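J.: Starting off with a structure, shown below.
Residue numbers (my numbering): 655 to 758.
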């Protein structure tokens, strides 16, 4: 059996899919999909769908943790992120900014 290592060790491909179909919902529904299409390159594809978002802000912050439980050191898992993109429910590219070392 192949051992799976913590996600932050490997580079990740992130793409954010923003779905806002149900404006009456109080809490957004967040769906994470993780795959490893080519295990030999040690990269994960990570997709995050945010549905039912009703916030009044025109943005959402997506952050990676800078810590790991049991280890008292600040990490930089976002340094392994190779691609980041954001699209809306119809596939149009959304504008995004990296606001600090681990937040988009």
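Glycine residues also receive a C-beta, built at the ideal position from the N, C-alpha and C atoms.
Note that the structure is predicted; figures quoted are calculated from it, not measured.
At the level of alpha carbons, what is the spacing between residue 741 and residue 723?
T.: 32 Å
J.: In the DSSP assignment, find the unbroken beta strand (DSSP E) run with residue 737 in it and report its ends.
T.: 735-741
J.: Just checking my contact of residue 685 with residue 703 at CB under 8 Å: how many whole Å lie between their CB atoms?
T.: Their Cβ separation, rounded to whole angstroms, is 4 Å, which keeps residue 685 and residue 703 in contact under 8 Å.
J.: If we ignore side chains and look at the alpha-carbon of each, how far apart do residue 733 and residue 755 end up?
T.: 8 Å
J.: Residues in the same chain with beta-carbon distance under 6 Å from residue 690, minus the five sequence neighbours each way, listed in chain order, please.
T.: Excluding positions up to five away in sequence, the list reads 698.
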